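Visitor:
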Amino acid sequence: MAMYRILLVILFCASSVSAQDSQDTESPDAIVQALYDVISTPAGETPDWGRWDTLFIPEARLIAIAPNETGDDRYFAWSPDEYKEMIGGYFEENPFFEVELSHTSEQFGNMVHRFSTYESYRSMDEPPFSRGINSIQLLQMDGRWWIVNIFWQPETPRLPLPEEYLPEK
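For our numbering, add 92 to where a residue sits in the sequence shown, where the first one is 1.
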């Protein structure tokens with residue numbers, strides 16, 4: 093009887109994960125929302141890295157353009173696992189919320205390119221501390237959507253967001 097209960101618990105947990113995974117990956121909108129949901133966490137909470145892992149192809153890359161110590165723009169690249177290791181402690185100690193303000197998408201066959209304009213917050217009750225654009229490449233394969241790459245650059249005083257990537261007023 094105990095083995096039967098253990099099997100039921102395992103089956104229930106597996107079906108719950110599969111249901112979340114299928115909702116997260118059923119469309120480009122759903123997978124991008126899942127991405128923003130995972131990285132948006134209050135201080136003291138760990139992002140749902142298990143959910144994060146279900147969003148990416150194994151070869152995915154996350155690439156940021158940011159100024160280095162001399163102020164020159166450089167790129168920094170990570171796998172999803174490397175990104176988790178690098179940023180995980182920050183998320184556990186600091187509140188971080190990121191939301192999509194607007195987006196443009198283009199699709200050809202099984203691929204979608206999405207320019208996702210974002211704002212980052214410490215608290216949703218305060219003004220954003222950062223804005224920028226995530227260039228997200230998506231792949232539709234095996235009955236679901238996958239994130240292939242995320243390539244982003246924050247807005248700076250010398251590089252303001254273009255009007256065409258901001259929400260209509």
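All residues carry an ideal CB built from backbone N, CA and C; glycine is no exception.
Here the structure is a predicted model, which is why all the values come from computation and not from measurement.
Residue ranges of each alpha helix (DSSP H) run of no fewer than 4 residues wholly in the region 115 to 189, ordered along the chain?
Guide: 120 to 131, 141 to 145 and 172 to 185
Visitor: By the 10 Å Cβ neighbour count, where 16 or more other Cβ atoms means buried, how is G142 classified, buried or exposed?
Guide: exposed
Visitor: As a quick exercise: from H195, R153, G224 and P220, pick the residue whose alpha carbon is nearest that of K176.
Guide: The shortest Cα separation from K176 among H195, R153, G224 and P220 belongs to R153.
Visitor: Kindly indicate which residue of A135, Q125, L258 and E256 has the alpha-carbon position closest to the one of F188.
Guide: Closest by alpha carbon: A135.
Visitor: Could you check what DSSP says for E198 in three-state terms: helix, strand or coil?
Guide: Looking at E198 - three-state DSSP - the assignment turns out to be strand.
Visitor: Pick helix, strand or coil for E256, following the three-state DSSP scheme.
Guide: The three-state secondary structure of E256, taken from DSSP, is helix.
Visitor: Does M233 come out as helix, strand or coil in the three-state DSSP assignment?
Guide: strand
Visitor: How long is the line joining the alpha carbons of A106 and S132, rounded to whole angstroms?
Guide: No answer about A106 holds up, because its pLDDT of 43 lies below 50 and its placement is not dependable.
Visitor: Excluding the 5 residues flanking V109 on each side, which residues of the same chain have their C-beta closer than 7 Å to its C-beta?
Guide: Residue confidence for V109 is low, a pLDDT of 44 falling below 50, so the modelled location carries little weight; the figure read from the coordinates is stated next. The answer is none, since no qualifying residue turns up.
Visitor: Could you tell me how far apart the beta carbons of I123 and L230 are, in whole angstroms, since I believe they sit closer than 8 Å?
Guide: Their Cβ separation, rounded to whole angstroms, is 7 Å, which keeps I123 and L230 in contact under 8 Å.
Visitor: Could you round the C-beta distance between F221 and S212 to whole angstroms and report it? I think they count as a contact, below 8 Å.
Guide: Rounded to the nearest angstrom, the Cβ distance from F221 to S212 is 6 Å, consistent with a contact under 8 Å.
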